[in-house]
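In what follows, a structure is listed as structure tokens, so that the remarks can point back to it.
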Amino acid sequence: MTRIALTVNGTRFEEDVEPRQLLVYFLRNGLGLTGTNVGCDTSSCGACTVLLDGESVKSCTVFAVQADGCDVTTVEGLAEGDELHPVQQAFHEQHGLQCGYCTPGFVMATISLLKENPDPSEEEIRRGLEGNLCRCTGYHNIVRAVQAAARAGA
Amino acid sequence: MIPAGFEYERAGSVDEAVSLLGRDEDAKLLAGGHSLIPLMRLRFTRPSLLVDIGRLDDLRYVREDGDRIAIGALTRHADLVRDPLLARRCALIGEAAATIGDPQVRHRGTIGGSIAHGDPASDLATIVLTLDAELVAHGPGGERTIPAAAFFAGMFETALARQEVLTEIRVPKVPAGTYLKVERRAQDWATVGVAAARVDGRVQVGLTSMGATPLRARSVEEALAGGASPAEAAAHAADGTMPPSDVIGSAEYRAHLAEVLVRRALEQV
Chain A
266 MTRIALTVNG TRFEEDVEPR QLLVYFLRNG LGLTGTNVGC DTSSCGACTV
316 LLDGESVKSC TVFAVQADGC DVTTVEGLAE GDELHPVQQA FHEQHGLQCG
366 YCTPGFVMAT ISLLKENPDP SEEEIRRGLE GNLCRCTGYH NIVRAVQAAA
416 RAGA
Chain B
11 MIPAGFEYER AGSVDEAVSL LGRDEDAKLL AGGHSLIPLM RLRFTRPSLL
61 VDIGRLDDLR YVREDGDRIA IGALTRHADL VRDPLLARRC ALIGEAAATI
111 GDPQVRHRGT IGGSIAHGDP ASDLATIVLT LDAELVAHGP GGERTIPAAA
161 FFAGMFETAL ARQEVLTEIR VPKVPAGTYL KVERRAQDWA TVGVAAARVD
211 GRVQVGLTSM GATPLRARSV EEALAGGASP AEAAAHAADG TMPPSDVIGS
261 AEYRAHLAEV LVRRALEQV
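Protein sequences, first through last, are from chains A and B.
Residues in the first sequence are numbered from 266 upward in steps of one, following this note's numbering.
Residues in the second sequence are numbered from 11 upward in steps of one, following this note's numbering.
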């Protein structure tokens, strides 16, 4: 076991982990933060996307030990009380989801995208979210949600 | 899909990484992990010790070095995409890095990891071969420089010795260059990729996914030197290659793609 200390959604945790434990399982099984989903488990679908030091990563392709000392944000860390994060609000208003399984990953990827490019074109949004798959193929409303979030200054 | 168990050590310096690699015959370096972790999850590889060099921030840089550009091995793809010096002096590196994986992958994956992995589908490996880059390795006996032409030994095999760490990639400044690739879907590996660049007044061409290693299209380069047009030279794109046939495409399809992409690339440089 290896001791790690990291901040998740603003709370500091110190835990012993097996080096082979992937960050997504540390979050889900270790901390009970099940908003981050496991989809493909092959680094493809992006359902497990979280922010690591503010940038989107696939938490199924990061060992928890690699996040030692880092700042992790999951979908649970976005809302302020009852007030949704502007990107969550935009997905809600534009109905940027169908079954919802991919949604936490899309929301986290969108936050990272808008941080790097606050005013993306439709093409830039589609390319910028290429690491996330929606099996319901609900991409049109997802793109509309990202456009709405950008307009709202998210 | 959980990887097999392993011991984990985080290196605080390149020298410490070299020494840790000496501790275990099945040790592997971990940088961004975006080649290694997927393979470990599938248990295609099961190193008994991982030496994490991901925190060696002094290996993350792009800087001018005389007539060359020196790139630290831990520079991430996302950093290559945004780097202003590369954009001015060796633009094809950032352009190619922007097509690797997806944003999440580019936030973690590193140029050194991509090259040291020895995957014939690596875009950046083809580019360093095309540019005749120099690859700097640190080992127990100190530092040595390996020409890219001598680096790629076979599929997933490189000239790096067991205890050597790739630390820097030195590329020439090039006035023109491009990287074109066809991929079946977003995020896919290159079905075929083609790099072309003008190096010291001569056009050099490299191929991705056309054999067991990244390849130089020497017949194309010779034809160009002999005055051939882009289309005439591109007809030699698949000469001497052994492209794989797999679910993504047949060898014949890849040979066809190589010719088309080489012609288009040559028209740009």
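Even for Gly, the Cβ is constructed at its ideal location relative to N, Cα and C.
This one's a predicted model, so the numbers in the text were calculated from it and none came from an experiment.
Sequence-distant residues of the same chain with beta carbon closer than 6 Å to residue i, five excluded per side
i	result
Asn406 of chain A	Gln359, His360 and Gly361
Ile390 of chain A	Val408 and Val411
Asp36 of chain B	Pro57 and Ser58
Gln278 of chain B	Thr188
Gln286 of chain A	Ala329
Gln173 of chain B	Val28, Leu31, Gly32, Gly149 and Pro150
Met252 of chain B	Gly221
His117 of chain B	Ala88
Proximity winner among the options, relative to residue i (alpha-carbon distances)
i	options	result
Ser308 of chain A	A:Gly319, A:Ala344, A:Thr402 and A:Leu288	A:Leu288
Gly123 of chain B	B:Arg73, B:Gln114 and B:Leu134	B:Leu134
Leu379 of chain A	A:Glu320, A:Thr402 and A:Val330	A:Glu320
Arg277 of chain A	A:Arg392, A:Gly334 and A:Phe328	A:Gly334
Leu102 of chain B	B:Ile12, B:Ala238 and B:Gln214	B:Gln214
Val282 of chain A	B:Tyr18, B:Asp34 and B:Val24	B:Tyr18
Ala186 of chain B	B:Pro240, B:Ala275, B:Lys38 and B:Gln114	B:Ala275
Pro284 of chain A	A:Glu381, A:Thr326 and A:Leu394	A:Thr326
Gly403 of chain A	A:Gly304, A:Phe356 and A:Lys323	A:Phe356
Ala171 of chain B	B:Ala126, B:Ser132 and B:Pro182	B:Ala126
Glu269 of chain B	B:Pro240, B:Ser255 and B:Val138	B:Pro240
Gly216 of chain B	B:Lys191, B:Ala196 and B:Asp77	B:Lys191
Ala265 of chain B	B:Leu66, B:Phe162, B:Thr218 and B:Glu232	B:Thr218
Phe166 of chain B	B:Met11, B:Ser23 and B:Leu49	B:Leu49
Thr375 of chain A	A:Asn397, A:Leu271, A:Tyr366 and A:Asp347	A:Asn397
Leu60 of chain B	A:Ala419, A:Cys364 and A:Thr267	A:Thr267
Gly365 of chain A	A:Leu317, A:Gly418, A:Asp306 and A:Arg400	A:Arg400
Met11 of chain B	A:Ala312, A:Tyr290 and A:Glu279	A:Tyr290
Neighbourhood of residue i by C-beta distance below 7 Å, restricted to the same chain and skipping five residues each side
i	result
Gly119 of chain B	Gly42, His44, Arg86, His87, Ile110 and Gly111
Val209 of chain B	Leu141, Asp142, Pro182 and Val184
Ser255 of chain B	Ala261
Ser377 of chain A	Leu316, Glu320 and Ser321
Residue i (DSSP reduced to helix, strand or coil)
i	result
Glu105 of chain B	helix
Val203 of chain B	Checking the sequence, you will find Gly at residue 203 of chain B rather than Val. Strand at Gly203 of chain B.
Val181 of chain B	strand
Ile376 of chain A	helix
Ala186 of chain B	coil
Ala355 of chain A	helix
Ile110 of chain B	coil
Ile81 of chain B	strand
Leu39 of chain B	strand
Glu232 of chain B	helix
Gly359 of chain B	In the structure displayed, chain B extends from 11 to 279; residue 359 of chain B sits before or after that span and is not available.
Ala143 of chain B	coil
Ala14 of chain B	coil
Gly412 of chain A	Looking at the sequence itself, residue 412 of chain A is Gln, so the reference to Gly does not match. The answer is helix: DSSP assigns Gln412 of chain A an H, G or I state.
Gly393 of chain A	helix
Glu174 of chain B	coil
Phe291 of chain A	helix
Gly342 of chain A	helix
Glu381 of chain A	helix
Val61 of chain B	strand
Thr55 of chain B	coil
Thr168 of chain B	strand
Glu388 of chain A	helix
Glu283 of chain A	coil
Ala245 of chain B	coil
Asp34 of chain B	coil
Asp67 of chain B	helix
Proximal residues to residue i (C-beta, below 8 Å), its chain only, five neighbours per side dropped
i	result
Leu298 of chain A	Val273, Asn274, Leu292, Thr339 and Glu341
Ala372 of chain A	For clarity, residue 372 of chain A is Val in the given sequence; the question names Ala instead. Excluding residues within five positions, the ones whose Cβ falls inside 8 Å are Val340, Leu343, His350, Val352, Gln353 and Phe356.
Thr55 of chain B	Lys38, Leu46 and Leu49
Gly128 of chain B	Ala135, Phe162, Ala163, Gly164, Met165, Phe166, Glu167, Thr168 and Thr223
DSSP bridge partner residues for residue i (one or two, in chain order)
i	result
Phe278 of chain A	A:Leu271
Thr368 of chain A	In DSSP, Thr368 of chain A forms no bridge with anything.
Ser321 of chain A	A:Leu316
Ile156 of chain B	B:Leu145
Val303 of chain A	DSSP, once it has assigned bridges, lists no residue as partnering Val303 of chain A.
Val215 of chain B	B:Ala206
Asp336 of chain A	A:Thr272
Arg226 of chain B	B:Gly216
Within-9 Å CB hit, residue i to chain C
i	result
Arg285 of chain A	The chain labelled as chain C is not found among the protein chains of the depicted structure, namely A and B.
* May I ask you to list, following chain order, the residues of the stretch 91-109 of chain B that have a beta carbon less than 8 Å from some beta carbon of chain A? => none
* Asked: According to a CB-to-CB cut-off of less than 9 Å, which residues of the stretch 328-341 of chain A neighbour chain B?
  -> Phe328, Val330, Gln331, Asp333 and Gly334
* Contact set between the stretch 57-81 of chain B and chain A, restricted to residues whose Cβ is under 9 Å from the partner -> Leu60, Asp62, Gly64 and Arg65
* To do: Anything in the stretch 384-402 of chain A with a Cβ closer than 7 Å to a Cβ of chain B? List those residues in chain order, please.
  => Gly393, Glu395 and Gly396
* Which residues, in order along the stretch 295-322 of chain A, keep a beta-carbon less than 9 Å from a beta-carbon of chain B? -> Asp306, Thr307, Ser308, Ser309, Gly311, Thr314, Leu317, Glu320, Ser321 and Val322
* Quick one, which residues of the stretch 223-237 of chain B are near chain A if we go by CB-CB under 9 Å, in chain order? -> none
* **Contact list for the stretch 365-380 of chain A against chain B, Cβ threshold 8 Å** => Ala374, Ser377 and Leu378
* Along the stretch 112-138 of chain B, what residues have a CB closer than 8 Å to any CB found in chain A? -> Asp112, Pro113, Gln114, Val115, His117 and Arg118
* When Cβ atoms are compared, which residues of the stretch 44-56 of chain B fall closer than 9 Å to chain A? -> His44, Ile47, Pro48, Met50, Arg51 and Leu52
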